[in-house]
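Mapped onto my numbering, the consecutive letters of the sequence shown carry residue numbers 66 to 453. Even for Gly, the Cβ is constructed at its ideal location relative to N, Cα and C. Quantities reported herein were computed from a predicted structural model and do not represent experimental measurements. Quick notes on the structure that follows.
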Amino acid sequence: MAGEEVGLKLYRFYEPRGLKLVKGLGQYVWDSNGRRYIDAHNGNGVGFLGHGNQHVVASIKEQLDRIYIASSSYDLDVTEEALDLLSKIVPPRYDNVSFLNSGAEAVELAIKMARIYTKRKKIVYFTGSFHGRTLGALSVTGNKRYWDGLEGLDLGTISVEFTKPEELRSLEGSEVAAVILEIIQGEGGVNPASKELIEEVKAFSDKWGSLIIVDEIQTGFGRTGIHWSFMDAGLEPHIFTAGKAMAGGFPISAVFFSSEIASKMPSAMHGSTFGGNPLALAALRGGLKAYLADRVWESSRESGSILIDKLRETLGSSRLVKEVRGRGLMIGVDLKVNPINVVKCLQKKGVLATRAGATVVRFLPPYMINKEDIEEITGAMASCVGGV
66 MAGEEVGLKL YRFYEPRGLK LVKGLGQYVW DSNGRRYIDA HNGNGVGFLG HGNQHVVASI
126 KEQLDRIYIA SSSYDLDVTE EALDLLSKIV PPRYDNVSFL NSGAEAVELA IKMARIYTKR
186 KKIVYFTGSF HGRTLGALSV TGNKRYWDGL EGLDLGTISV EFTKPEELRS LEGSEVAAVI
246 LEIIQGEGGV NPASKELIEE VKAFSDKWGS LIIVDEIQTG FGRTGIHWSF MDAGLEPHIF
306 TAGKAMAGGF PISAVFFSSE IASKMPSAMH GSTFGGNPLA LAALRGGLKA YLADRVWESS
366 RESGSILIDK LRETLGSSRL VKEVRGRGLM IGVDLKVNPI NVVKCLQKKG VLATRAGATV
426 VRFLPPYMIN KEDIEEITGA MASCVGGV
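This is how it looks when you write it as structure tokens:
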């Protein structure tokens, strides 16, 4: 009707959880009714340092009182401080970094750099992978449900079966700029890359001169019990991406690469209005202080081992559970049924989790979860699996 006000509504690409969150602290969140939940969904893993992390909060507040609007063309104290802290956990060969806002943006830049550096067009990726939903990142994402409505686009990519590394061996690679992979596929189902696949990736790169890009957006920054998962895998990528947890949940991502690669990049080949802005770097500075002070990667390794063992012990006799797998605090329970009903049941019991792939319930809790939280998670999971 004329003159009638039409309210703006949020369009969600995900099914709403039916839960209004009003507070977060550490590993917990509270809803509008005052109920507490263990947050093992964790903003899809970004809140690894916990809600309201005081290092992050203090660092952002400090920067707000200084300067919070500046292009990355300018030098800032917060940039120098963040880089100094970051250098403590990044291997020396990666002496260049570019800051962006999201994981997909980081993957876009990594792909562009590989193509420019090698002067080749093709990118190899693996089935089950997830690297983002922008066009370039989507072109190397193996889950085809994200391609609905975009079928037929030729984006210069080649798919290889994640569980059949021999396919890579037989691939002609003279036009391949890079192979991109996750050491543990996150959204695809918490699937670890086999030793055979890692060796085939290295051999392919050596044979054809193609670059290796490792996506550490979810696995990195201590989530799997080590700074970067490629360090455990015995792989040295030419480029790697990071994001999610680095800044305590604040939007930032990064691409790490060598001076050799940097020397071949044309001026203004990439840019981002908000990439590496002062507040994002302040959050990163605070996140790194928390990470180093609390030795977060060690807590992740120890708590993750306990949680995985407890889930295996508790769910081992369930006829609906195929496998419990994971590393550190990146954990998946693979079911013989659709996991959606289990995720909903967990929420009713005070545990927030998410799905991964077609059959996996994924847990991505903050590093400070304790024994009581682990008991609560495993008890809720046992009850929910029994009730499916």
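Taken in chain order, the complete alpha helix (DSSP H) segments of 4 residues or longer contained in the stretch 231 to 271 are 231 to 234. Residue pairing for Ile304: DSSP places it in a beta bridge opposite Ile278. Counting C-beta pairs with one atom in each stretch, the stretch 340 to 358 and the stretch 406 to 415 have fewer than three that are closer than 8 Å, which means they do not touch. Beyond the five residues adjoining it in sequence on each side, Arg384 comes within less than 8 Å, by CB distance, of Lys401 in the same chain, given in chain order. The C-beta separation of Tyr432 from Leu394 comes to about 6 Å, placing the pair in contact by the 8 Å criterion. Contact between the stretch 361 to 375 and the stretch 174 to 194 is absent: fewer than three C-beta pairs spanning the two stretches fall below 8 Å. Around the beta carbon of Val122, fewer than 16 other beta carbons lie within 10 angstroms, which makes this residue exposed. Every unbroken stretch of the beta strand (DSSP E) spanning 3 or more residues and falling wholly within the stretch 348 to 411 is given here in chain order: 386 to 392 and 395 to 400. In this structure, Phe164 and Gly340 form a Cβ contact; the two beta carbons are roughly 5 Å apart against a cut-off of 8 Å.
The criterion of a C-beta distance shorter than 8 Å is satisfied by Val266 and Val244. A buried status is given to Glu173, since no fewer than 16 other beta-carbon atoms sit within 10 Å of its beta-carbon. For Lys436, the enclosing alpha helix (DSSP H) stretches over residues Lys436 to Gly451. Pairing Glu247 with Asp297 gives a Cβ-Cβ distance that is not under 8 Å.
A check of alpha carbon separations from Gly83 across Lys74, Gly89 and Asp96 identifies Asp96 as the nearest. Per DSSP, the continuous beta strand (DSSP E) segment holding Asn161 begins and ends at Asn161 to Leu165. Scanning its chain for C-beta atoms nearer than 8 Å, with the 5 sequence neighbours on each side dropped, one finds around Gly351 the residues Asn118, His120, Val121, Val122, Ala123, Ser124, Ile125, Ala312 and Gly313, in chain order. Runs of alpha helix (DSSP H) with 4 or more residues, each lying fully within the stretch 306 to 336, are found at 324 to 327, listed in chain order.
Contact annotation, Arg427 with Gly397: C-beta distance approximately 5 Å; criterion of less than 8 Å satisfied.
When beta bridges are read from the DSSP output, Arg101 appears opposite Trp95. In the three-state reduction of the DSSP assignment, His120 falls in the helix class, which pools H, G and I. Sixteen is the threshold: when 16 or more other Cβ atoms of the shown chains lie within 10 Å of the Cβ of Asp104, as they do, the residue is buried. Three or more Cβ pairs drawn from the stretch 271 to 286 and the stretch 178 to 185 lie within less than 8 Å of each other, which places the two stretches in contact. Taken through DSSP and simplified to helix, strand or coil, Thr183 comes out as helix.
In terms of CA proximity to Phe321, Asn161 leads the group Tyr133, Asn161, Asn98 and Asp130.
Around Glu264, the same chain offers Pro230 as residues with beta carbons nearer than 8 Å, after the five sequence neighbours per side are excluded.
In this structure, the CA atom of Asn208 is about 7 Å from the CA atom of Gly253. For Tyr190, the beta-bridge partners assigned by DSSP are Ser224.
Around the Cβ of Asp399, a 10 Å sphere holds 16 or more other Cβ atoms; the residue is buried. With fewer than three CB-CB distances shorter than 8 Å, the stretch 299 to 310 does not count as touching the stretch 126 to 140.
When the beta-carbon positions are compared, Val94 and His116 come within less than 8 Å of each other.
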